[in-house]
Structure formats: C-alpha cells, structure tokens
Amino acid sequence: MTATREGATRASAGTPAAAEKRGMNLTLRIWRQSNPSVKGKMVTYKVSDISPDMSFLEMLDVLNERLIMDGDDPVAFDHDCREGICGMCGVMINGQAHGPQQTTVCQLHMRSFKDGDSIDIEPWRASPFPVIKDLAVDRRAFDRIIQAGGYISVPTGTAPEAHSTPVPKKDSDAAFDAATCIGCGACVAACPNASSMLFTAAKVTHLGLMPQGQPERDDRVVNMVHQQDLEGFGGCTNIGECSASCPKGISMETISRLNHDLLGALRAGVRPKS
Amino acid sequence: MPLELFNVGEPIADTKAPTDVEIGERWSERRFRGRLVNPANRRKMTIIVVGTGLAGGSAAATLGEAGYKVKSFWYQDSPRRAHSVAAQGGINAAKNYRNDGDSVHRLFYDTVKGGDFRSRENNVHRLAEVSVNIIDQCVAQGVPFAREYGGLLDNRSFGGTQVSRTFYARGQTGQQLLYGAYQALERQMAAGNVEQHSRTEMLDLIIVDGRARGIVARDLVTGEISTHYADAVVLATGGYGNVFYLSTNAKGSNATAIWRAHKKGAYFANPCYTQIHPTCIPVKGDYQSKLTLMSESLRNDGRVWVPKERGDERDPREIPEGDRDYYLERLYPAFGNLVPRDIASRQAKNVCDEGRGVGPGGLGVYLDFAEAIERLGRPAVEAKYGNLFDMYAQITGEDPYSVPMRIYPAVHYTMGGLWVDYDLQSSIPGMFVIGEANFSDHGANRLGASALMQGLADGYFVLPATITEYLADGPFDKIDDSHPAAVEALQGVQSQVQKMLSINGTRTPASFHRELGKLMWDLCGMERSEESLRKALDRIPEIRQEFWTNLKVSGDWHSFNQTLEHAGRVADFIELAELMCIDALHRNESCGGHFRAESQTPEGEALRDDENFAYVAAWEWTPENEPPVLHREALEYEYVHLAQRSYK
Chain A
1 MTATREGATR ASAGTPAAAE KRGMNLTLRI WRQSNPSVKG KMVTYKVSDI
51 SPDMSFLEML DVLNERLIMD GDDPVAFDHD CREGICGMCG VMINGQAHGP
101 QQTTVCQLHM RSFKDGDSID IEPWRASPFP VIKDLAVDRR AFDRIIQAGG
151 YISVPTGTAP EAHSTPVPKK DSDAAFDAAT CIGCGACVAA CPNASSMLFT
201 AAKVTHLGLM PQGQPERDDR VVNMVHQQDL EGFGGCTNIG ECSASCPKGI
251 SMETISRLNH DLLGALRAGV RPKS
Chain B
1001 MPLELFNVGE PIADTKAPTD VEIGERWSER RFRGRLVNPA NRRKMTIIVV
1051 GTGLAGGSAA ATLGEAGYKV KSFWYQDSPR RAHSVAAQGG INAAKNYRND
1101 GDSVHRLFYD TVKGGDFRSR ENNVHRLAEV SVNIIDQCVA QGVPFAREYG
1151 GLLDNRSFGG TQVSRTFYAR GQTGQQLLYG AYQALERQMA AGNVEQHSRT
1201 EMLDLIIVDG RARGIVARDL VTGEISTHYA DAVVLATGGY GNVFYLSTNA
1251 KGSNATAIWR AHKKGAYFAN PCYTQIHPTC IPVKGDYQSK LTLMSESLRN
1301 DGRVWVPKER GDERDPREIP EGDRDYYLER LYPAFGNLVP RDIASRQAKN
1351 VCDEGRGVGP GGLGVYLDFA EAIERLGRPA VEAKYGNLFD MYAQITGEDP
1401 YSVPMRIYPA VHYTMGGLWV DYDLQSSIPG MFVIGEANFS DHGANRLGAS
1451 ALMQGLADGY FVLPATITEY LADGPFDKID DSHPAAVEAL QGVQSQVQKM
1501 LSINGTRTPA SFHRELGKLM WDLCGMERSE ESLRKALDRI PEIRQEFWTN
1551 LKVSGDWHSF NQTLEHAGRV ADFIELAELM CIDALHRNES CGGHFRAESQ
1601 TPEGEALRDD ENFAYVAAWE WTPENEPPVL HREALEYEYV HLAQRSYK
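Now the structure itself:
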C-alpha cells in the first residue's frame, strides 16, 4: 500500500519549482475507521514537499487531494473556520491534543516539524465522543451540558438597559477569559480520565462571575455537573493536562471555582433536575 | 447593455414599509399594522430555520421562546461553530454612551452613506433603532463586553465613522455574541421548543401552492436525504464569499441554500456587491486554503504605509520616516487610517500596482504599531489587540510587536444576497432570509461592526416581529412525502448527488473551486471592467461544462463524504459566479465595493451614476440557457441626500 502511495508522490512533486522549495518529507500514520461500527487501524502515508508555512490542515488537504485522485477514500477530519476560533478541528498529534503547540490544529504550522519526521494522527479518544469517521468525532455531549444550564434565562426583549448593572472590570475580564472556551474537546482528549471538567468549569465561571448570572448560579453548576456525569465523562483529579493543552489557555482556577460553587449549592440543598 | 446577457422584467417595490409616516415611526407602525398570532396558535405552527449563526441562532431561540415549533438545521457538529464566531472587531449601537454626538439618526446616516447610497433608508433606520436593544439583550445574557474601570461598557471607533459606538469583547466579539445566542438556543432545545438537526445540509426548498413549505436536507453523517416540512422557512445561511475560494469565510461557508432557493424562484439581489476587507494576512502559497482577517479595529492604532520608492527592499524598521508613505493619512486627512473598507482596500491595491507593495510578490502593505506602542505602552496595546497579534505571529512566524505587520485585502463579506422586503420575506411567500444571506441593509459597502448588528437585529427583533403577519394566515395544510412537489425536490437532489459520483473524471472539487476563485479574484474582484467581466463570462460556462464532465468524487453518498459535500457547493458557486459577473457588468457604475474601472472620479474614487443605477438589481432565475431576468427596485432617498462620499 505504502509503495504505491510513494509512487504517486514522486509523480506529483516532480516539477523544478517544487524541488526548489525544498519542502519536507514526512511519514504520517493516520487512524482510519470508515464508520462507528467497524474497527479502525493506523495506516501509513508519505507526503513530500511540505512547506513549513503550511498549516497542519493544509498538509492534510494535500494528502487528501492525492487520495481522491488515486480513487482512495480521503481522510475525514473536522475543520471549519481555520482561524482557531470555531473549535471544530482537533486531533491527537503524536499523542498530544492539537499537537506540540498550545493552539488549535488549524493554527499549527508545519514549521513545528522537521524533514523526515514521523507523525501519528488520531481522533479525540473518549467514549462520550464516539468516532464518526477517521478523525471526526461526535461532540454533541458538550451541547447537552450547555443545555443543562449553561445559559442565563433571558427571553428576547426582556432585558433592562445595559448600563443599569455595572460590572467591575476585573470580574468582566475574568469572565471573558473563561468565556473564550471554544468547545473543541482537547481538554477531554488530553485528560487521562476523559473528564470534561474544564469545559464545564469555563462556562460555570463565565456566567458565575457576572451579576446577571447570579439567580441561576446554584442550579447551573449542579445541573451541568450532573449532565457531564450522565454523558459518561470521567471524574476530575486535578492533573491539569486539560489546561496545558487548551488552545485558549482556560485556567485551572475555573475548576476550583466550579468546585466551590458546587459545594455551596449542594450544601444549600440544590439537587439536579430529574 | 446587450440583451443576450439578461432580460429586463417588471420593476418591483418593497410594499411593506409604511411610508405614509415619518421614518422614525415606520418600524413601530409596521409592528402595529402587522397581524399577530396568538400564543395558542403559535404551538400549531412549525418554522424551519437553516443556520445557527448570529441571525439563525438568535431567530430560532426567539421563535422557540415565543412558542412556535422550531426546527433548526446546521452543517457543523454544534450550533456554536457558525462562522459568526470568527467576527473580531465589534458591534455598533447608537447608545451614545460616549456623549460624542451619536444618535439613531447618525448611525442611520453613517450606514446609508457608508453603503454608498445603495441600501434602503427604511431598513437602515430600523437597524439603527434596534441596535440599542441588541446591546441590552446581550448584556443580560452575560456577554462579557469590554468595560471601563467604573464597570460601564467601553466603546471604540471603527472605519467610516467619527464617533465611538462600537461595543466589543477584546478581539472576539463575534464569538461572545454567538455564544449568547447559542446558549439561548440550547436552552430552547432543552425545553423541547427547538428540534435539533446537526451536521445536516439543506439541499433544496419545497414549494407548495406558491408557498415555501419545507426543505430537502442531507444528513452529512449517514448520507440520508430527507424532507422536512413547516409553515415557514427561514434561511440564515450566511454569505457567499467562498465563491472566491480564498476568503476570510470558514471552509464550509457556502451559498447552496440561498442558491437553490434562488433556482426555485427567490430573487437574488445585487450579487456583485462583495466586500474586500483591507486588513488580512497576505497569501503565502498555492496550498493556501483560506485567508485570515486581522480586525479592522487595528486601524484605530496601527498606521498603514508603504515605502515611497518602488523596490525599496530594506527592513521596514530601517526605512526612515521621510522615506515612508502613510498613504491613507495623506489622501484622507479627515478619516486617515479609518476610511471605509472599500477605500482602504482599493488604495492598498493601487500602491501595490505601483510596485510599492511589500513582502512576497509585492502584495502587501505595512500596518505599523511602533507609534502606538510608544504612545500607549506595550501592555495597553497587548490588552487591546493581544489575541490578534498572537494570531498573526502564529500564522506568519513574525513578531508584530517588533516588525510591522504585513496586510493585504481579502474577500470578507457579501452585501448582496437574496432579495427580501421590509418584512425580510423573499419573493417566495413564506420564505424569509436573515443576516448576511439577505441583501437589505448594507448597500454596496458594509461598515465595520455592522454585520453583527444586522445579524442580531434580524434574528432577535425584526423577523420574530414581521413573520407573524405571514403566519397569521396559517397553519397551512399538512403535506407529506407523497406530495408531487416533495417528490420532485427529493428526486432532484438524489439525482444530482448520484450524477456527481458517477462522472469519475480527473479533477477534484477543490481543483475546480480554486480555478473559479482565482478567476473571480482576477476578473471580478477589487476592480472590474467590461473587458475583465466579459472574459470571466466567457470562461465560467467552460468551467461549468468541465465540472459536469470531468469531476472526480470518491466514495458514495450514503456515508460521511466531505468531498461530495464540497462538490455540491462548488457546483452552486460556479453558477452564482456567472450571475455575479452579469450583475457587475450590467452595473456600469462604481459604488462601494463594486468598483468599475470605467467609472471613477479624477482622483480615482468610485463614481456613482445615480441617474441610471439608483436601484436594487433583483435577479430572477430562468431555466437552462435562458438569460436571467432583471427586476429593478428603485431606491429613494428622502432623509439622506445623495452625495458623492467624501472621507477627505
């Protein structure tokens, strides 16, 4: 299999212009799984003439264009904005969520690799994130955690004048920092327990720091934590891999804050909605 | 204009705005005159909303709150991915918190003028009125806007205005506003008011008895193609900037929903009005898959310049002040670096055409923060723009704190879109179009921080108020898959999908997309001429022909097949590109983002021809090999006097 792929590479990279660019030659080992019900496996591909200025996903584009032309199935991977903000992309690269830099895969550039490297590419690994195909997984569990309470109940048209409630700048800034979570799932993928605590804590912190979020604060934390348990995410043991791999740098302090709020709410007798 | 390109049909008019009262009264008058639907009847009605960006997300949430049964569709895994998430700079609102002379009327005036007098006064005034409610709504949702030390909301200024009316959340305003709408939407989903269709793409519209009654959609995971019915259909599917292949849009952003609705009878208005954003990271190589925008807010503190002499290849830090040309400050002393986007983009093109561009291929200009860092200090610059600087460094491998950024214009936004009346209803009864997908508010050029404003205005406030007039006649007769209209739409989609898989040619969808995009950028981009457009119109049918005979899509349709998704979108982009060129060719004037080389002032500014072109061009699709039909909607200006825009 590998031999024919290498043959195709040579043919496409044979132009003098391409040779001048002195691109990198890489060996990719990619998780291939055609659907959720079959077993997947790692498959090896060679790519050549990869520019260091390419993004990681552009490198995969190059591979996929070739696979399509060879009549093979291209590698399925999720992506959309390609500017690090939509949270749609995300794969394990050599065992690290989003790869060697603390950023999203779409913002990882090939200058982080060197000629001759071998790169393992796998989907997020967590049972609440079932594989759809190859590198694409289903992260709707995150949305269900939000549905459990990650909002402020304010039907359209009911809002008071914006300046009627001043918000201390430090609270607003801290809320913003937590609110930058893009819901990519790297925290879950990086966690040895596949815990979604950082994701949940980011939302609990964002809304809990704003005066507008106070009325539902206790119910919110209890219900969101309950939902993440129902989804099958693991427990948090404060290892911190989540924050270390978070492309938005969501801090572990959010988890402390969640635990503080959760304890307070439970002691006050708040229980999850059935 | 030779008639072979298009035919002229009956003029049209927007009859829904109550023009018998003063402009400031029209929106409340419209709401009063429109019929309502009582809460018990709302439960009997279903509304399909396609798209979950600022417009679609806010509309679906609001309609769900109101008690309608809503079905929400989006192509990504989660509604939070919609590309509104990427908007950086801010959202305008006429709050006048800065006491700097702002008002609803001034926002209205600035927007009509910024749009180069090609938008509707009625719509724009309503937008300005509603803008203040949006901020209230978002703050109540917990959107963490930037604040002053006193705890009140901060504002900044943006291109095309002289007041500070832009609310922002660092450089991630779109993300925060979207999450507000997304959370409201998820709340309605949890409450059972909104049905969820994730990873599902609309591929056709179903029309029964002249009314939009449903859609055909493909589940992108299972490949299943199915029908969905409703009493009304709302399209909130965004713009069509990806016609150009390289743009600041998300890779998945597409025109398929609006284009297929167009082919079912919805007029497409002003397709040639595209916005080229002046501050994007320049192209690096052939493999490039998208362009990244650097927020226009950077022009508040960054200074744009190129070397005075061509071919000056010195390190920018070594070029002395005297050898630099701060061309925007020189040409437009009143607005300086804050001129509207179309002007900033075209001037960047001009200096690069003169051979004074910088960086690879000479396609770039400097955006320099040295002066701002000296004046404000690095921490202040970091606080304002930190994430943008990080993004730039990540992509280019250069440090913008020490070396000036290089920027170049890129396709960003499309002002054109499906034609809608004041109620946001398309020319197909029962189909409403909101957000960037419609054409109505930005004329020929959108001002910065106005897209978020319009998306949320449409979704939270305008559509939920206007759709009741239509639904007051409902609920409509139930239909099912045995209806001939449903059978036809379903079969049409199935046969197109099978056709694309069966060609088995030698070119991938991306290869066609790239070719089309380059052609459009070169011939229908920042500057268009009769010659370039005719060339494009000669070539596009050839591309279409080759697409349908030489396309290569691997895999099958009943599984997760991203190549097949892309192929369908490219097929639509090719057809849309042709209409864009016809529209650009017929509009023999320059206005806003549409710059015709033949129509410019002696200083090289866009020269409008109000006598002949003060109208909306609404195009009607005609079957194969028939030229499209142009319907003109006259634009009248009662409150803002038509004038040559001047930012000098």
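Just so you know, the protein sequences line up as chains A and B, in that order. Under the working numbering, the very last position in the first sequence is 274; numbers go up by exactly one each time. Under the working numbering, the very last position in the second sequence is 1648; numbers go up by exactly one each time. C-beta: ideal position from N, C-alpha, C; glycine also. Remember, predicted model here, so these are calculated numbers, not experimental data.
Item	Value
Measure the alpha-carbon distance for B:Y1408 versus B:Y1326 and round it to whole angstroms.	15 Å
What does the alpha-carbon distance come out to for the pair B:L1331 and B:N1099?	29 Å
Distance cutoff 7 Å, beta carbons only. Does A:I239 sit that close to anything in chain B?	no
Considering A:L28, what are the terminal residues of the beta strand (DSSP E) in which it resides?	24-32
Hey, how far is the Cα of B:F1237 from the Cα of B:G1435?	Note on residue identity: the sequence assigns Thr, not Phe, to residue 1237 of chain B. Spanning the two alpha carbons is a distance of roughly 8 Å.
Would you say B:E1515 lies against chain A (beta-carbon separation less than 7 Å)?	no
With respect to the beta strand (DSSP E) encompassing B:F1595, which residues constitute its N-terminal and C-terminal limits?	Where B:F1595 is concerned, there is no enclosing beta strand (DSSP E), given that its DSSP letter is neither H nor E.
To the nearest angstrom, how far is it from the Cα of A:R144 to the Cα of A:Q227?	7 Å
What in chain A is Cβ-close to B:D1136, meaning under 7 Å?	A159, P160, E161, A162
For the alpha helix (DSSP H) containing B:L1564, name the first residue and the last one.	1562-1586
Does DSSP put A:A17 in a helix, in a strand, or in coil?	Interpretation of A:A17 is limited by its pLDDT of 41, a score under 50 that renders its predicted location unreliable; the figure taken from the coordinates is listed afterwards. Note: A:A17 maps to helix in three-state DSSP.
Run through DSSP, which three-state label would B:I1134 get?	helix
Per the DSSP calculation, B:G1633 is bridged to which residue(s)?	Note that residue 1633 of chain B is Glu in the sequence shown, not Gly. B:V1616, per the DSSP bridge assignment.
Quick check on A:F142: does DSSP put it in helix, strand or coil?	helix
Output, in sequence order along the chain, the residues in the segment 1448-1478 of chain B whose CB is closer than 8 Å to any CB in chain A.	Y1460, F1461, P1464
Could you name the residues of chain A that B:Q1498 contacts, counting a contact when the two beta carbons are closer than 7 Å?	Here the premise fails: no neighbours, minimum Cβ distance about 18 Å.
Can you tell me which of the three DSSP states B:F1167 falls into?	strand
By how many angstroms is the C-alpha of B:G1180 removed from the C-alpha of A:D70?	45 Å
Shorter than 7 Å from the beta carbon of B:S1072 to some beta carbon of chain A?	no
Pull up the DSSP beta-bridge partners for B:T1200, would you.	B:D1219
Give the residues of chain B in contact with A:V277, contact being defined as C-beta atoms less than 7 Å apart.	The structure shown does not extend to residue 277 of chain A, since chain A is modelled only from 1 to 274, so the question has no answer here.
Under a three-way DSSP split, which group does B:S1450 fall into?	coil
Less than 7 Å separating the beta-carbons of A:V75 and A:D134?	yes
Would you please verify whether the beta carbon of A:A201 is less than 7 Å from any beta carbon of chain B?	no
According to the neighbour-count rule (16 or more other Cβ atoms, all chains shown, within 10 Å of its Cβ), is B:K1648 buried or exposed?	exposed
I'd like to confirm the pairing. Which residues does DSSP put opposite B:K1406 in its beta bridges?	A small correction: the amino acid at residue 1406 of chain B is Arg; Lys does not occupy that position in the sequence shown. Paired residues: B:Y1366.
By the 10 Å Cβ neighbour count, where 16 or more other Cβ atoms means buried, how is B:N1242 classified, buried or exposed?	buried
Classify B:P1602: buried if its beta carbon has 16 or more other beta carbons within 10 angstroms, exposed otherwise.	exposed
Using only the heavy atoms of the ligand GTP, determine whether one of them is closer than 6 Å to the beta carbon of B:G1210.	Looking for the ligand GTP in the displayed structure turns up nothing, as the structure carries no ligands at all.
Measuring straight from C-alpha to C-alpha, what distance separates B:E1611 and B:F1268?	23 Å
Assign A:D73 to one of two classes, buried (16 or more other C-beta atoms within 10 Å of its C-beta) or exposed (fewer than that).	buried
Using alpha carbons as the reference points, say which of A:I250, A:C184, A:C242, A:A244 lies closest to A:H206.	A:I250
So, at 8 Å on beta carbons, what are the nonlocal neighbours of B:R1211 in its own chain, with the 5 sequence-adjacent residues on each side left out?	I1428, P1429, G1430, F1476
Name, going along the chain, the residues of the segment 143-154 of chain A whose beta-carbon falls closer than 9 Å to a beta-carbon of chain B.	D143, R144, I146, Q147, A148, G149, G150, Y151, I152, S153, V154
Which complete alpha helix (DSSP H) runs does the segment 173-237 of chain A hold, if anything under 4 residues is left out?	186-190, 197-209, 217-231
Within 7 Å of any Cβ in chain A, is that where the Cβ of B:T1144 sits?	Before going on, a small fix: residue 1144 of chain B reads as Pro here, not Thr. So yes, B:P1144 belongs to the interface.
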